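J.: One structure coming up, written as structure tokens, with questions to follow.
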Amino acid sequence: MSSDDFGPIPSDALLRGLTQRRLTRRDILRAAGVGGGALAASSFLAACGVSGGKAEKSQGTTFWTGKKQAGSAVFANWPLYMDVKGKSDHPSLDRFTKQTGINVKYKEVVQEMPSFYGKIQPVLSAGQSTGYDIIVMTNGVYLDKLLEANYLVPLDQSKMPNFNKYAGPAIKNPSYDPGNKYTMAWQSGITGIGWNPKYVKEPIHSYQDLFNPKYKGKIGMFADNADLPNLALQGIGVDCEKSTPPDWQKAADKLKAQRPLVRQYYEQNYIGPLSKGDIWISMAWSGDIFIANSGNPDLDLQFVVPDEGGLIWTDNVCIPIHVAHPVDAMTLMDYYYDPKPAAMLTEYINYITPVPACKEVILQDAANATKKSDKDYLQGLAKSPLVFPTSDMVSKVHNYRVLNADEEKQWNAIFEPIYQG
Amino acid sequence: MTTAVLTPPSEAIAPKRRPRRRAWGRRVLPVYTALVIGYLCLPIFVMILFGFNDTKGKFNFTWQGFTLTWYRNLFAIDGLTEALKNSLTIAVLATVLAVMFGTTLGLAIGRYRFRGKGAVDLVLFAQIATPEIVLGASLLSLFISTGVPRGYITILVAHVMFCIPFVAVTVQARVVGLDRSLEEAAFDLGATPIVTFRKVTLPLIMPAVMAGALLSFALSIDDFVTTTFNSGQTTTFPLWVYGASRIGVPPQVNVMGTLIFVVGVGLAVATALGNRRTLRSST
Amino acid sequence: MRSLRARLTPYWLALPGGLWLVVFFVVPMFFMASLSLQTGDPVNGFSQTFHWSTYSDTINLYEKQFVRSVIYATIVTLLLLVISYPMAYWIAFRGGRYKSTVLFLVLLPFFVSFVIRTLSWQFILADNGFILQPLKNAHLLPQDFHVLATSFAVICGLAYNFLPFMVLPLYVSLERIDHRLVEAAHDLYAGRFEAFRRVVWPLSLPGVFAGVLITFVPVASDYVNASILGGTHTTMIGNVIQTLYLTNNDYPAAAALSFTLMGSLLIGIFAYARALGTQDVMQTAA
Chain A
1 MSSDDFGPIP SDALLRGLTQ RRLTRRDILR AAGVGGGALA ASSFLAACGV SGGKAEKSQG
61 TTFWTGKKQA GSAVFANWPL YMDVKGKSDH PSLDRFTKQT GINVKYKEVV QEMPSFYGKI
121 QPVLSAGQST GYDIIVMTNG VYLDKLLEAN YLVPLDQSKM PNFNKYAGPA IKNPSYDPGN
181 KYTMAWQSGI TGIGWNPKYV KEPIHSYQDL FNPKYKGKIG MFADNADLPN LALQGIGVDC
241 EKSTPPDWQK AADKLKAQRP LVRQYYEQNY IGPLSKGDIW ISMAWSGDIF IANSGNPDLD
301 LQFVVPDEGG LIWTDNVCIP IHVAHPVDAM TLMDYYYDPK PAAMLTEYIN YITPVPACKE
361 VILQDAANAT KKSDKDYLQG LAKSPLVFPT SDMVSKVHNY RVLNADEEKQ WNAIFEPIYQ
421 G
Chain B
422 MTTAVLTPPS EAIAPKRRPR RRAWGRRVLP VYTALVIGYL CLPIFVMILF GFNDTKGKFN
482 FTWQGFTLTW YRNLFAIDGL TEALKNSLTI AVLATVLAVM FGTTLGLAIG RYRFRGKGAV
542 DLVLFAQIAT PEIVLGASLL SLFISTGVPR GYITILVAHV MFCIPFVAVT VQARVVGLDR
602 SLEEAAFDLG ATPIVTFRKV TLPLIMPAVM AGALLSFALS IDDFVTTTFN SGQTTTFPLW
662 VYGASRIGVP PQVNVMGTLI FVVGVGLAVA TALGNRRTLR SST
Chain C
705 MRSLRARLTP YWLALPGGLW LVVFFVVPMF FMASLSLQTG DPVNGFSQTF HWSTYSDTIN
765 LYEKQFVRSV IYATIVTLLL LVISYPMAYW IAFRGGRYKS TVLFLVLLPF FVSFVIRTLS
825 WQFILADNGF ILQPLKNAHL LPQDFHVLAT SFAVICGLAY NFLPFMVLPL YVSLERIDHR
885 LVEAAHDLYA GRFEAFRRVV WPLSLPGVFA GVLITFVPVA SDYVNASILG GTHTTMIGNV
945 IQTLYLTNND YPAAAALSFT LMGSLLIGIF AYARALGTQD VMQTAA
């Protein structure tokens, strides 16, 4: 077969042109139609969708008139934040139901603040109920946003006898909620510096120790916009609660300079690497250090509140608006300020309790304990400064800087690039 | 497509050519596959191991001794057990639905040309291209503005939604170029379309359907981001574990993971034994 | 002359799945598109302002992470293709009775929660763990060598977590290849490699295409691996979108960035389909 038989063989380019689709007028019209339709649909739907918006500020006096106890409450909390004993559910909740007759539906649905807030914010802004009577919010930007948008119910100050009697001074009247109008502390933790003495032989007491080039590649920092920036502000000698944007820039510059020394910016899982020696020194939460040490006799991680100041963060119980059973919620919230249930919680959770008086209860439980291991554990718990901080520690810790919506944008823009590299 | 071939007479008699190379080739690939499977299972072995760890605290990553406590107290943590139940049931239901919808969709786009096929292809590709966080958040917006309460059903809906494209694309890859002469033969023999589908088409695309089912199940049981947004008050296993990892993952989680794995291995062995008895051609 | 019923068949087939996707994917996507052009914040509310500059702003701000994600995704996809193909080939061609069993075994590790798997990897790859420590003791590795907190660890994690996405479509496509075609090639004096190159590989291309598609995209938008296994220079675009959405609650920026990501991936897919030589970019012809 030769080209003479069938005429000239077309070149490749011509073949391609002949056989492949070209953009026809129909295609263009179709594309334009889809694009135009999409734009039209979008603007129509712009009216729908979920927007934000502040709610009406409820007045404490008017909100509570006429509200009655209903007999049940839905409590949304973090996992592992409620005592569990053996096969029984939650002894402290059972005790509550026996005392008051209120049934509690306990749901461990809070995995982390950002996603939990991302879930409830659209619901609240649409004027609907979250389905929860009590939620647990860590102080920080999310709690600030809820407060600013008036999404929390003001507490019934007449129904807080236990709180008024037993609440520790560290968590009463915090800067993020003056007068405890909307929140009560559930558990607290201190952010400071943790280190592994197996690798770090020098005494650690200052924030500057995190910048020691000797630990290059073995330093851990947090990847968040709460602990990381606030501790850095303390580190440059500024009270983080009163800091201003120029201070933020200074602190951010210092953190930027630290970047080559840092191994990783951890979201939560720093305690594993710290225990194993992947990092030697890190920003740390008091409770993690205690729990890691108590679970492993070979481990002796150390914790210190830096000289320049540490941070105290608090997970708070509060009531979202459009709530179904507020009176039951109040009763439950105040119940946990009685030393006995507070002790039950601390014995399991190991973070800092808002009720210093429960220390006595724990020592009592230690005395009554039959097994030696239980005795040792409870006594260690009562004596640990990580669970019952000394007044010296308490004097050195600060709350996070409270931010409104505009400040938050600035704050994030300054600090996020540090750990988002 | 015929496979008629003219073989030179001398070669037609010799059935086994190059025996040495074939035998060598026969061993390399299965060993390689076994190695890959072993590598895949490495973290699983770690997980199984630490299900026996006698850890006193809440953190479970240094070995401290062997114990069966966690097996005995497997259901001690109530929220965890419920979360696991939810995950398993949702995964099964989502797989069934996604396979049903995805298979028919895959057949449609793999085989037919119809108006709107381009749009369907685009939607499928677009969905696979969408980051999960956008899928989850946009679905949440939809549910809120239409007043649908978030919970078990919305999780199920979301899971079916993101599994369908995976099934469809997998089935389509199989259906494209599938020889239709078998189906035409069935028609010629008087079979109705439904019977043809059941007895001819379905067995032919079954590997793709099974593959899609497996993928859907794995996607659903492990989904975190989309589920987080649309779960309301319901918790699933990955959600619970992720939340607990902030404070400490209890060994019961390892035990549950181990049990899931063991059940899976058991199923695999059962199907292998079952296959031994039935005669099935591989083409 | 196809009957009306026959002509309607594809519509009936596509209807259930298509409807589900339209309601639960397409409609929410329109919401998101509209949201990406709004301004505001959750406290004071959002309003539609057709703020197109959100798109350009986010692209400029996060260009580094964008490029990084694409690079990681390319490496991971190629790596997975190389790893998975021989395995899929063996299962499809020589698996015999045990095909589905072995396939199931390959997928089994992925039924266990990814958090557990990734934490286990943290343990396995620990600086002084049971793999690295002996190597360090034998002086095969420097004392301060570490795998975690590097891009290497992130790539390994990604490759590990997305393996089934590549294996399954490859297997499905390889499995339907008629073995007699390969035999025919052998009969026509083709060597084993040539038979593969000219018969098996081209016929498996739809599977390769599908596998690359459903692997590349989720890998590029992943954020879990970078956050658990990564270090200070491994942030991916998925991490950024997550932070924008959840931490900053800057929903418009997050939506804009997501659409940018989707758009660029789709363009890449079209270009790739063209390169493979398909006539209609939307169709994966054999």
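Protein chains in written order, with our numbering: chain A, 1 to 421; chain B, 422 to 704; chain C, 705 to 990. Where a beta carbon is used, it is the ideal one built from N, C-alpha and C, also for glycine. All values reported here derive from a predicted model rather than from experimental measurement.
Quick check: is the beta carbon of residue 875/C nearer than 8 Å to any beta carbon in chain B?
T.: Answer yes: the Cβ-Cβ gap between residue 875/C and chain B drops below 8 Å somewhere.
J.: What runs of the alpha helix (DSSP H), each 4 residues or longer, lie entirely inside the stretch 81–154 of chain A?
T.: For the stretch 81–154 of chain A, whole alpha helix (DSSP H) runs of length 4 or above, ordered along the chain, are 91–100, 113–125 and 141–148.
J.: So that I know if they touch, is there some Cβ in chain B lying closer than 8 Å to that of residue 931/C?
T.: So, not an interface residue.
J.: On the three-pair Cβ rule with 8 Å, is the stretch 851–871 of chain C touching the stretch 930–949 of chain C?
T.: A contact exists between the stretch 851–871 of chain C and the stretch 930–949 of chain C.
J.: If you reduce the DSSP assignment to three classes, tell me which class residue 977/C lands in.
T.: Helix at residue 977/C.
J.: Shorter than 8 Å from the beta carbon of residue 42/A to some beta carbon of chain C?
T.: Because the pLDDT at residue 42/A is just 48, under 50, the model does not fix this residue reliably, and the value given afterwards should be weighed accordingly. Taking Cβ atoms only, chain C reaches closer than 8 Å to residue 42/A, which makes this a yes.
J.: Tell me the residue span of the alpha helix (DSSP H) that contains residue 735/C.
T.: Segment 731–740, the alpha helix (DSSP H) holding residue 735/C.
J.: Do the stretch 879–891 of chain C and the stretch 901–913 of chain C meet, that is, are 3 or more Cβ pairs less than 8 Å apart?
T.: Contact holds: three or more Cβ-Cβ distances are below 8 Å.
J.: Should residue 578/B and residue 527/B be called a contact, given that it needs their Cβ atoms to be closer than 8 Å?
T.: Contact: no.
J.: Mind checking if residue 277/A is an interface residue toward chain C, Cβ cutoff 8 Å exclusive?
T.: Output row for residue 277/A: interface = yes.
J.: Comparing alpha-carbon positions, which option in 316/A, 377/A and 204/A lies nearest residue 142/A?
T.: Comparing Cα positions, the closest option is 316/A.
J.: Between the Cα of residue 796/C and those of 895/C, 952/C, 949/C and 879/C, spot the shortest distance and give me the residue it belongs to.
T.: Taking only the C-alpha atoms, the option nearest residue 796/C is 879/C.
J.: I'd like to check one pair, residue 781/C with residue 923/C: are the Cβ atoms closer than 8 Å?
T.: Yes. Within cutoff.
J.: In this structure, how does DSSP classify residue 864/C when only helix, strand and coil are distinguished?
T.: Here residue 864/C sits in helix by DSSP.
J.: Tell me the rounded alpha-carbon separation between residue 84/A and residue 949/C.
T.: If I take the Cα positions, the gap works out to 34 Å.
J.: Taking DSSP as the reference, what is the three-state secondary structure of residue 205/A?
T.: In this structure, residue 205/A counts as coil in the three-state DSSP scheme.
J.: For residue 613/B, count neighbouring C-beta atoms within 10 Å of its own C-beta (all shown protein chains included) and say buried if the count is 16 or more, exposed if not.
T.: With fewer than 16 other Cβ atoms within 10 Å, it is exposed.
J.: For residue 111/A, decide whether its Cβ has a neighbour in chain C, counting only Cβ atoms nearer than 8 Å.
T.: By this cut-off, residue 111/A is not an interface position.
J.: Less than 8 Å between the CB atoms is what I'm expecting for residue 284/A and residue 179/A, so what's the real figure, rounded?
T.: So it is not a contact: roughly 31 Å between Cβ atoms.
J.: Just checking, does the stretch 836–854 of chain C make contact with the stretch 866–874 of chain C on the three C-beta pairs under 8 Å criterion?
T.: Judged by Cβ distances under 8 Å, the stretch 836–854 of chain C makes no contact with the stretch 866–874 of chain C, as fewer than three pairs qualify.
J.: Exposed or buried, what is residue 227/A when buried is set at 16 or more other beta-carbons lying within 10 Å of its beta-carbon?
T.: Under this definition residue 227/A is a buried residue.
J.: Output, in sequence order along the chain, the residues in the stretch 178–200 of chain A whose CB is closer than 9 Å to any CB in chain C.
T.: Under the 9 Å Cβ criterion, the stretch 178–200 of chain A contributes no residue.
J.: Taking the straight line between their C-alpha atoms, what separation do you get for residue 162/A and residue 335/A?
T.: Looking at the two C-alpha atoms, the distance is approximately 7 Å.
J.: For the stretch 504–525 of chain B, which residues have a beta carbon sitting closer than 8 Å to at least one beta carbon of chain C?
T.: Listed by position, the residues of the stretch 504–525 of chain B near chain C (Cβ gap below 8 Å) are 521, 522, 523 and 525.
J.: Do residue 310/A and residue 396/A have their beta-carbon atoms positioned less than 8 Å apart in this structure?
T.: Yes, Cβ-Cβ distance for residue 396/A and residue 310/A is below 8 Å.
J.: Leaving out five residues on either side along the sequence, give the residues of the same chain with a beta carbon under 6 Å from the beta carbon of residue 640/B.
T.: Counting only Cβ-Cβ distances below 6 Å, and skipping sequence neighbours, we find 584.
J.: CB-CB under 8 Å to residue 864/C, same chain, minus the five flanking residues each way: which ones, in chain order?
T.: Correct list, in chain order: 821 and 825.
J.: Measure the CB-CB distance between residue 303/A and residue 192/A and report whether it falls below 8 Å.
T.: Cβ distance < 8 Å, so residue 303/A and residue 192/A count as in contact.
J.: Determine, for residue 666/B, whether the minimum Cβ-Cβ distance to residues of chain C falls below 8 Å.
T.: At least one chain C Cβ lies under 8 Å of residue 666/B.
J.: So, for residue 973/C: in the same chain, excluding its five sequence neighbours on each side, which residues have a beta-carbon less than 7 Å away from its beta-carbon?
T.: Once the five neighbours on either side are set aside, the close Cβ partners of residue 973/C are 917.
J.: With a threshold of 16 other CB atoms inside 10 Å of the CB of residue 124/A, please say whether the residue is buried or exposed.
T.: Buried, by the Cβ-count rule.
J.: Output yes if chain A places a C-beta closer than 8 Å to the C-beta of residue 663/B; else output no.
T.: By this cut-off, residue 663/B is an interface position.
J.: For the alpha helix (DSSP H) that residue 837/C lies in, which residues bound it at each end?
T.: Residue 837/C -> alpha helix (DSSP H) spans 836–841.
J.: Could you tell me if residue 587/B is buried or exposed, where buried requires 16 or more neighbouring beta carbons within 10 angstroms of its beta carbon?
T.: The residue is buried, with at least 16 neighbouring Cβ atoms inside 10 Å.
J.: For a contact meaning CB atoms closer than 8 Å, what does residue 415/B contact in chain C?
T.: With chain B running from 422 to 704 in the structure shown, residue 415/B is simply not present.
J.: Let me check understanding here. Comparing Cα to Cα, which of 912/C, 947/C and 819/C lies closest to residue 665/B?
T.: Minimum Cα distance to residue 665/B is reached at 819/C.
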